[in-house]
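Below: the structure, in structure tokens.
Residue numbers (full-length UniProt numbering): 1 to 465.
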């Protein structure tokens, strides 16, 4: 194949982005290559070139040796050497990788200017005058895409509504099943609570007072049947709930997948619309750009000279200003460093004094608190010792009184209640939290011994009889 300058922008020639896939590149190439159709090309070799291009598109490989030389010759005549070379380079991964390494330099080369090989770019040579039929073709494509998007949106609206209705119905049924299962669980909990209450300590303790009705065998069997029925209902409803929940998740995943398909199709159409609109805009702008290029080249040279001279002057002035500014900044940094060091020294000294004073205050407060706590504990200890001593003296006094004078008290009066864990003077048992004391002889006894010591009341009615 004839050599083509490495300064050609193959992505621009094929009208694709730098991230375009091989499929997108092939599709764009076919669309551009079919412009060789004899009905759209007045070249005398258009028919032969079109047939070769169609055959190569069917074979899928432009490197077929049988048509290589003829295709190169005719494509040069019909204005497609750059297009074919761009497709040959970008469809091959290794060639495309090597081309991408030099693409940054290619992009920096002005389009439409003479390149290093003496050739002009594809955008300036082959499409300097955009044809109206190409623009009409792009406009028809845009209209078709808009119609397809509208049809897809209408279809998606129906599909989305069907899925959402099914999901809503499943969610309603799931809520019903959840409520039914919850009611069955609450009945089981209430029955279990009733059984636990019947077997509780309080029920057993009050059973002599409140007689519980004994359930008959029929009632027990009825409750058992109801419990088994509830268990079966709960099991079936739980299985139904799992099935419906799985079905709901399946519908939701299908809806999400359909949504992604719809969104991806819209994104592809939007990208196609954007590219078509960009091509129309580019085709309309190329003619005006080519007209403006010659005039722009003339004043750009003068402007570059003026700009370079002005830039040198500004660079020298900026250098002087920068040197002066750096000098002033250095002096300012030095002053600021000295001031900062002085402030840090003062801050450290002040912080040390405050910390020392705060530590002294905290130590004094801690010592004061310890003294108060110690005095409080000593006072409480003295108070407890005094109470214990008084209690022991009282007990010794009571014991000595009982030993000195044997009582002849009949204990026929109301005994006072004495709180505290003490030993019964009759049975010597000390497990009671309180004792009863006779107000006459001061004897302390438990409730059982008190009943034995007090005289029994005689039945006056019997004596009279």
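We put the beta carbon where it would ideally sit given N, CA and C, even for glycine.
Taking residue i as part of the alpha helix (DSSP H), name the residues at either end of that continuous run.
i	result
residue 11	10–14
residue 34	Neither: residue 34 is in no alpha helix (DSSP H) and is coded neither H nor E.
residue 98	93–101
Does the beta-carbon distance from residue i to residue j come in below 7 Å?
i	j	result
residue 445	residue 413	no
residue 244	residue 184	no
residue 32	residue 25	no
residue 101	residue 10	no
residue 441	residue 415	no
residue 237	residue 181	yes
residue 269	residue 149	yes
residue 8	residue 82	yes
residue 251	residue 166	yes
residue 454	residue 411	yes
residue 177	residue 241	yes
residue 145	residue 273	yes
residue 271	residue 138	no
Can you tell me which residues form a DSSP beta bridge with residue i?
i	result
residue 436	417, 445
Is it buried or exposed for residue i, if we count other Cβ within 10 angstroms and need 16 for buried?
i	result
residue 495	No answer is possible for residue 495: the residues shown for the chain start at 1 and end at 465.
residue 28	buried
residue 86	buried
residue 374	exposed
residue 362	exposed
residue 93	exposed
residue 450	buried
residue 447	exposed
residue 75	With a pLDDT of only 46 at residue 75, under the threshold of 50, the placement of this residue in the model should not be trusted, and no figure is reported.
residue 261	exposed
residue 381	exposed
residue 16	buried
residue 435	buried
residue 345	exposed
residue 84	buried
residue 421	exposed
residue 429	exposed
residue 279	buried
residue 106	buried
residue 64	With a pLDDT of only 44 at residue 64, under the threshold of 50, the placement of this residue in the model should not be trusted; the figure read from the coordinates follows. Result: exposed.
residue 286	buried
residue 18	exposed
residue 60	Note that residue 60 has pLDDT 45, beneath the 50 cutoff, so the model's placement of it is unreliable and the number below is only indicative. Classification of residue 60: exposed, given that the 10 Å Cβ count is below 16.
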